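Undergrad: I have a structure here, written as structure tokens, and I will follow up with some questions on it.
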Amino acid sequence: MTAESAASSASFSSTLIGRLFEHAAERADHPAIATTDVSITYARLARLVVAQASLLQQTGVVRGSTVGIRCDDEISHLLLCLAAIYCGATSCTIPSHESDTQQNALIERCGATRVLERRDVPDFGQLDELLPKAPASESQASILFSTSGTTGAPKLVIHGDGDLVAQAHRHIGDEQERFACLASIEHNFAKRHRLYCVAMGATNVFPGTLGNSLVERCLSLQVNVLHVSAFQAQELLALDGIGRLCGLRLKLGGSHVGSSLRQQLRAKITAQLQAGYGTTETGAIAFTDPADDDAGISVGLALPGIEICAVDSDRKPLPADERGELAVRCGGMFRGYLDNPELTATRLDNGWFYTGDIGFLDSKGRIHISGRSDDMFVFNSMNIYPQDIESVIREHPGVREAVVLPRESSVHGNIPVALVVLGGSAKKQLPALKKFVKKRVGVRAPRQYIVVDTIPTNASGKIARREAVTIPGRNDQLRADLIRIIDPKVKQRVKPALLRGFVQGKADVALRRFEMDSLERLELLLTLETGYNIVVPPAIFNSFRYLGDLVAHILSPESGCENEDNQQAEALTEQAVATDFGAPVGKVPGVVCLFRRVFRVSPAIVQLNKALMTLENRLTPREVMQLTEWHASGHLLPEGAEERRRAIVSRWLRGMRSLLEKSNKTAPEPFVSRRVVPTARLFTGPGSPEDKTLMICFPPSGGRNLMMSNTVFLQHVDASRVDVLMLSETLNRKYRNGIPFIGRNLKEIVLWLAGQHWIKDYRDIVTIGCSAGAPLALTVAGQLNASVGLSVCGRFYRKRHLLANLSRAVSIYRARRNMRSLRMIYAYGVDDARDRMFAELMAPFSSGEKLPVAFSDRSVGHEILGQLLDRGELREFLERTVLEFPSESVATMAPRI
Numbered sequence: 027m028t029a030e031s032a033a034s035s036a037s038f039s040s041t042l043i044g045r046l047f048e049h050a051a052e053r054a055d056h057p058a059i060a061t062t063d064v065s066i067t068y069a070r071l072a073r074l075v076v077a078q079a080s081l082l083q084q085t086g087v088v089r090g091s092t093v094g095i096r097c098d099d100e101i102s103h104l105l106l107c108l109a110a111i112y113c114g115a116t117s118c119t120i121p122s123h124e125s126d127t128q129q130n131a132l133i134e135r136c137g138a139t140r141v142l143e144r145r146d147v148p149d150f151g152q153l154d155e156l157l158p159k160a161p162a163s164e165s166q167a168s169i170l171f172s173t174s175g176t177t178g179a180p181k182l183v184i185h186g187d188g189d190l191v192a193q194a195h196r197h198i199g200d201e202q203e204r205f206a207c208l209a210s211i212e213h214n215f216a217k218r219h220r221l222y223c224v225a226m227g228a229t230n231v232f233p234g235t236l237g238n239s240l241v242e243r244c245l246s247l248q249v250n251v252l253h254v255s256a257f258q259a260q261e262l263l264a265l266d267g268i269g270r271l272c273g274l275r276l277k278l279g280g281s282h283v284g285s286s287l288r289q290q291l292r293a294k295i296t297a298q299l300q301a302g303y304g305t306t307e308t309g310a311i312a313f314t315d316p317a318d319d320d321a322g323i324s325v326g327l328a329l330p331g332i333e334i335c336a337v338d339s340d341r342k343p344l345p346a347d348e349r350g351e352l353a354v355r356c357g358g359m360f361r362g363y364l365d366n367p368e369l370t371a372t373r374l375d376n377g378w379f380y381t382g383d384i385g386f387l388d389s390k391g392r393i394h395i396s397g398r399s400d401d402m403f404v405f406n407s408m409n410i411y412p413q414d415i416e417s418v419i420r421e422h423p424g425v426r427e428a429v430v431l432p433r434e435s436s437v438h439g440n441i442p443v444a445l446v447v448l449g450g451s452a453k454k455q456l457p458a459l460k461k462f463v464k465k466r467v468g469v470r471a472p473r474q475y476i477v478v479d480t481i482p483t484n485a486s487g488k489i490a491r492r493e494a495v496t497i498p499g500r501n502d503q504l505r506a507d508l509i510r511i512i513d514p515k516v517k518q519r520v521k522p523a524l525l526r527g528f529v530q531g532k533a534d535v536a537l538r539r540f541e542m543d544s545l546e547r548l549e550l551l552l553t554l555e556t557g558y559n560i561v562v563p564p565a566i567f568n569s570f571r572y573l574g575d576l577v578a579h580i581l582s583p584e585s586g587c588e589n590e591d592n593q594q595a596e597a598l599t600e601q602a603v604a605t606d607f608g609a610p611v612g613k614v615p616g617v618v619c620l621f622r623r624v625f626r627v628s629p630a631i632v633q634l635n636k637a638l639m640t641l642e643n644r645l646t647p648r649e650v651m652q653l654t655e656w657h658a659s660g661h662l663l664p665e666g667a668e669e670r671r672r673a674i675v676s677r678w679l680r681g682m683r684s685l686l687e688k689s690n691k692t693a694p695e696p697f698v699s700r701r702v703v704p705t706a707r708l709f710t711g712p713g714s715p716e717d718k719t720l721m722i723c724f725p726p727s728g729g730r731n732l733m734m735s736n737t738v739f740l741q742h743v744d745a746s747r748v749d750v751l752m753l754s755e756t757l758n759r760k761y762r763n764g765i766p767f768i769g770r771n772l773k774e775i776v777l778w779l780a781g782q783h784w785i786k787d788y789r790d791i792v793t794i795g796c797s798a799g800a801p802l803a804l805t806v807a808g809q810l811n812a813s814v815g816l817s818v819c820g821r822f823y824r825k826r827h828l829l830a831n832l833s834r835a836v837s838i839y840r841a842r843r844n845m846r847s848l849r850m851i852y853a854y855g856v857d858d859a860r861d862r863m864f865a866e867l868m869a870p871f872s873s874g875e876k877l878p879v880a881f882s883d884r885s886v887g888h889e890i891l892g893q894l895l896d897r898g899e900l901r902e903f904l905e906r907t908v909l910e911f912p913s914e915s916v917a918t919m920a921p922r923i
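The sequence shown lines up with residues 27 to 923 when you count with the working numbering.
Rendered as structure tokens:
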């Protein structure tokens with residue numbers, strides 16, 4: 027049966043496929059699809075759908091089946107969707123741009139037994155030649171649409187294809203529309219509109235993505251309706267020649283559109299502007315009338331066939347101008363949420379859909395949106411509706427985008443905070459913006475404004491509030507981090523009050539005040555990259571005028587701080603590279619990309635040497651071996667690298683490998699590194715924490731390792747049995763002042779460690795500390811119920827710090843008393859008077875065990891672990907102290923060492 031004969035024998039005008047057949051019969055030559063490369067009429071589209079459905083049925087896609095569609099090719103995706111509907115199957119989009127984990131989770135949630143892809147669609151010429159064997163189906167099919175999930179987990183909304191037919195007239199005027207939208211068909215909003223076009227017999231135009239040629243493409247394809255999100259609308263304004271599209275109708279949806287943006291769009295693009303409001307569950311609810319000059323920031327009147335009202339908490343209708351939850355009743359409503367009957371019953375009640383959106387209807391019936399009920403928060407007993415404040419902020423001429431978020435407060439509930447994207451200097455614009463907003467919203471004005479380059483959005487262009495709400499906390503931490511990592515000599519050039527104001531978010535600091543020379547600038551960038559994994563190219567940094575500009579750049583999701591080497595990496599992955607070890611390197615490891623970036627931003631010898639020292643504390647043994655292999659193959663450093671710098675890298679890698687070999691192991695330990703906070707890095711090996719020991723390491727004052735590189739230390743530990751948490755004290759302060767980012771004193775450090783719930787997952791905990799870190803390791807061991815606390819070269823402060831020394835001794839005693847089974851071991855060099863005195867006093871005081879270390883051929887001094895490493899005895903020392911518990915007394919090991 028052909029599509030035309032099916033249409034002539036019956037009318038299925040309430041179904042999507044029925045509408046398709048009607049258009050094929052009545053307007054056979056009317057274009058259904060138009061691109062720059064192809065035009066498909068309704069008659070041909072109907073044939074293609076039936077032929078594609080026949081192929082799907084042959085592979086088991088039948089009525090009652092559920093399929094996923096993972097296809098970013100617009101026409102193929104539309105064809106697969108229509109064919110699945112023809113078969114009576116339920117379909118759900120599996121966005122190809124999402125991660126594999128997210129895709130698999132969605133496939134499981136929707137119950138898809140098969141995923142259709144581009145390869146399941148033959149060439150259209152081959153489809154044309156197929157003789158359709160499947161008769162036209164009268165059954166309706168279901169389509170699952172995923173909500174945007176801007177404030178919570180996305181839901182799967184169930185629609186019958188007849189529901190979309192009932193909604194279509196509210197979106198598409200008639201068959202003469204040549205409709206285009208810039209979002210991919212894999213997005214909920216765009217896919218529904220493509221199906222609306224089929225229902226109404228209009229032309230689906232696929233103009234391609236944004237770009238300066240978009241205007242030409244829209245003109246050549248005769249687009250007369252363009253539907254975009256607010257985010258895409260701002261991008262349109264930047265296109266050359268955008269005013270040439272003055273003849274089309276521009277429809278805005280997906281998120282709130284402020285009056286400033288509306289005015290710009292009318293002035294620069296078209297007077298035929300319509301701001302809209304709708305939901306996935308109902309389709310379009312309202313659009314503004316271009317001729318309504320008094321619409322303001324409303325979304326206009328309800329469309330024909332829509333009943334809408336604002337209701338109170340008891341779901342009773344409210345009078346005009348009173349804010350409440352918006353409730354809607356109309357044709358084509360959704361059937362429910364997949365596998366969530368409770369939510370369905372809550373939101374769909376007695377024929378009304380309770381949207382969760384907060385708003386009101388004015389005296390003329392126009393709808394005003396204040397935001398989601400999920401977004402509303404309470405500040406000093408006042409209800410704060412973020413969208414109301416965002417609208418005011420966006421009215422300021424210097425603001426491009428804004429979002430208002432809650433910041434928890436134990437006193438005030440939730441304090442309003444604004445993220446803003448500015449069009450000019452923050453230093454000049456922020457004071458004026460604050461006054462502008464304060465004058466209009468009064469006490470509800472944000473108490474903090476955070477300038478960012480971009481605000482995070484989801485795939486539909488809506489603000490991703492769940493991601494955005496983390497930015498204020500990250501902003502505070504980043505501001506504090508930046509001031510901490512700037513070289514003390516550089517910070518001395520700026521008034522302390524100004525630096526404190528910057529950390530508190532109350533002031534900005536002009537970069538010129540720091541008077542940084544080229545080496546000092548590179549020092550800052552290198553610290554950001556090696557310590558924080560934040561890559562800021564020097565050219566971009568040099569464009570910043572204020573330190574706040576750097577903060578805004580780092581906080582912005584599109585800054586690409588960590589993805590700079592992608593193109594270079596992709597070029598290398600096209601071929602396997604042979605190495606001296608006989609194995610191909612293949613895909614470029616992340617550590618190689620990191621090393622190349624570090625090498626590139628360290629042109630000075632002093633910078634390169636310091637960078638390599640930093641990497642020694644970050645890299646794992648396996649990563650060092652990867653660098654060694656790539657260097658041996660000649661592919662680690664760029665061609666033409668300066669010979670002196672190349673020699674430094676070669677020497678460094680040889681030295682690292684030599685130290686790793688002192689462990690007498692044939693393979694690198696398979697640790698993986700993760701930064702917990704800037705001064706705490708966790709190195710984990712294979713296996714579950716329940717079966718392993720966690721070793722917490724406290725370096726000396728001002729150190730980031732236990733008197734040797736972390737890489738080398740890790741190689742002397744068994745990764746299958748032990749994970750290592752290395753606490754780095756980066757600022758060369760005494761431990762009595764605490765470890766930055768963890769605690770300002772001993773109590774806070776212990777509380778921080780106790781608050782890391784993942785630590786409790788380990789079967790056992792041991793601690794080890796060197797020099798100034800040794801007393802802290804013993805104290806923490808008692809607080810965390812560790813089995814062993816090892817002090818290596820522990821010592822008291824100088825005599826003048828009598829109270830501090832007394833406090834240190836008491837803390838260690840209490841730790842031992844709290845944990846009677848804790849073994850405290852005091853290792854010290856017999857020829858170091860201060861270390862020996864500490865051990866001899868504290869061991870009996872805390873019921874600990876002394877471990878004097880002496881060498882027959884040399885003095886020991888203060889650096890026991892480094893000397894054990896040189897002698898090839900470090901591994902044995904660790905295994906016989908913190909990592910194993912031999913029956914013999916620890917003291918008997920001294921002669922062997």
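Glycine included, C-beta positions come from ideal geometry on N, C-alpha and C. Note that this is a predicted model, so its numbers are computed, not measured.
Assuming contact is defined by CB atoms lying nearer than 8 angstroms, are Asn250 and Ile59 in contact in what I supplied?
TA: No, the pair does not count as a contact, with Cβ atoms beyond the cut-off.
Undergrad: For Ser286 and Ile489, what's the separation of their Cα atoms in angstroms?
TA: 18 angstroms
Undergrad: Kindly provide the ranges of any beta strand (DSSP E) runs that are 3 or more residues long and lie completely inside the region 172-227, ordered along the chain.
TA: Runs of the beta strand (DSSP E) inside the region 172-227: 182-186, 204-207.
Undergrad: Which term fits Cys223, buried or exposed, when burial requires 16 or more other beta carbons within 10 angstroms of its beta carbon?
TA: buried
Undergrad: Quick one: Cα of Tyr572 to Cα of Lys453, how far?
TA: 8 angstroms
Undergrad: Starting from Trp378, trace the beta strand (DSSP E) in both directions and tell me its first and last residue.
TA: From DSSP, the beta strand (DSSP E) with Trp378 extends over 378-387.
Undergrad: Taking Glu649 as the reference, which of Pro664, Gly799, Leu740 has the closest Cα?
TA: Leu740
Undergrad: Given a cut-off of 8 angstroms on the beta-carbon distance, is the pair Met721 and Val748 in contact?
TA: Cβ distance < 8 angstroms, so Met721 and Val748 count as in contact.
Undergrad: Look up Tyr475 in the DSSP assignment and give the residues it is bridged to.
TA: Ala444
Undergrad: Could you compute how far the alpha carbon of Ala321 sits from the alpha carbon of Lys390?
TA: Straight-line Cα distance between these residues: approximately 10 angstroms.
Undergrad: Counting Cβ pairs, one atom from each stretch, are 3 or more of them under 8 angstroms apart for the region 441-451 and the region 376-385?
TA: no
Undergrad: Grouping DSSP H, G and I as helix and E and B as strand, with all else coil, what is Ser872?
TA: coil
Undergrad: Kindly confirm or deny that the region 400-413 and the region 457-468 touch, where touching means at least three C-beta pairs closer than 8 angstroms.
TA: no
Undergrad: Leaving out the 5 sequence neighbours to the left and right, which residues in its chain are closer than 7 angstroms to Leu327 when beta-carbon positions are compared?
TA: The residues are Ala312, Gly391, Arg392.
Undergrad: Do you know offhand how far Met226's Cα is from Arg53's?
TA: 12 angstroms
Undergrad: Cutting at 6 angstroms between CB atoms, please list the residues of its own chain near Gly350, excluding the five before and the five after it.
TA: Ala336, Val337, Asp338, Leu344
Undergrad: By Cβ distance below 6 angstroms, which residues in the same chain neighbour Pro423 in space, the five residues on each side in sequence not counted?
TA: none
Undergrad: From Ala595 to Glu668, what distance separates their C-alpha atoms?
TA: Any answer about Ala595 is weak, because its pLDDT of 27 lies below 50 and its placement is not dependable; what the coordinates show is given next. For Ala595 and Glu668, the distance between alpha carbons rounds to 22 angstroms.
Undergrad: By Cβ distance, which residues of its chain are closer than 6 angstroms to Gly925, with the 5 residues on each side in sequence left out?
TA: Only positions 27 to 923 of the chain appear in the structure, and residue 925 is not among them; the question remains open.
Undergrad: Could you tell me how far apart the beta carbons of Ile476 and Ile509 are, in whole angstroms, since I believe they sit closer than 8 angstroms?
TA: About 16 angstroms; that fails the 8 angstroms criterion.
Undergrad: Does the beta-carbon of Met651 have 16 or more other beta-carbons within 10 angstroms, so that it is buried, or is it exposed?
TA: buried
Undergrad: Sort Pro330, Phe567, Ile765, Ala506 by Cα distance to Gln193 and report the nearest one.
TA: Pro330
Undergrad: Give the secondary structure of Gln298 by DSSP, where H, G and I count as helix, E and B as strand, and everything else as coil.
TA: coil
Undergrad: In terms of DSSP beta bridges, what is Tyr303 paired with?
TA: Partner(s): Ala312.
Undergrad: Taking the straight line between their C-alpha atoms, what separation do you get for Glu541 and Gln518?
TA: 10 angstroms
Undergrad: My assumption, with CB atoms under 8 angstroms, is that Val87 sits in contact with Arg140. Please give the rounded CB distance.
TA: Taking the Cβ atoms as the reference, Val87 lies roughly 7 angstroms from Arg140, within the contact range of under 8 angstroms.
Undergrad: Provide the residue(s) that pair with Val495 in DSSP beta bridges, ordered along the chain.
TA: Answer is none; Val495 lacks a bridge partner.
Undergrad: Taking the C-alpha atoms as reference points, what is the distance between His213 and Pro615?
TA: 33 angstroms
Undergrad: Since Arg500 and Leu581 are thought to touch, with beta carbons under 8 angstroms apart, how far apart are those beta carbons, to the nearest angstrom?
TA: 6 angstroms
Undergrad: Alpha carbon to alpha carbon, how far is Val818 from Asn366?
TA: If I take the Cα positions, the gap works out to 58 angstroms.
Undergrad: For Pro57, does the count of other Cβ atoms within 10 angstroms reach 16, so buried, or fall short, so exposed?
TA: buried
Undergrad: Among the candidates Met868, Tyr788, Trp778, whose CA atom is the shortest distance from the CA of Phe822?
TA: Met868
Undergrad: Out of Gly681, Ile631, His888, which has the shortest C-alpha to C-alpha gap to Ser797?
TA: Of Gly681, Ile631, His888, the residue nearest in Cα terms is His888.
Undergrad: Just to confirm before moving on: does the CB-CB distance between Thr306 and Thr173 stay below 8 angstroms?
TA: Yes, these two residues count as a Cβ contact at 8 angstroms.
Undergrad: Between Thr640 and chain D, is the shortest Cβ-Cβ distance under 8 angstroms, so that the two count as touching?
TA: No chain D is present in this structure, which holds just one protein chain.
Undergrad: Classify Gly188 as buried or exposed, calling it buried when 16 or more other Cβ atoms lie within 10 Å of its own Cβ.
TA: buried
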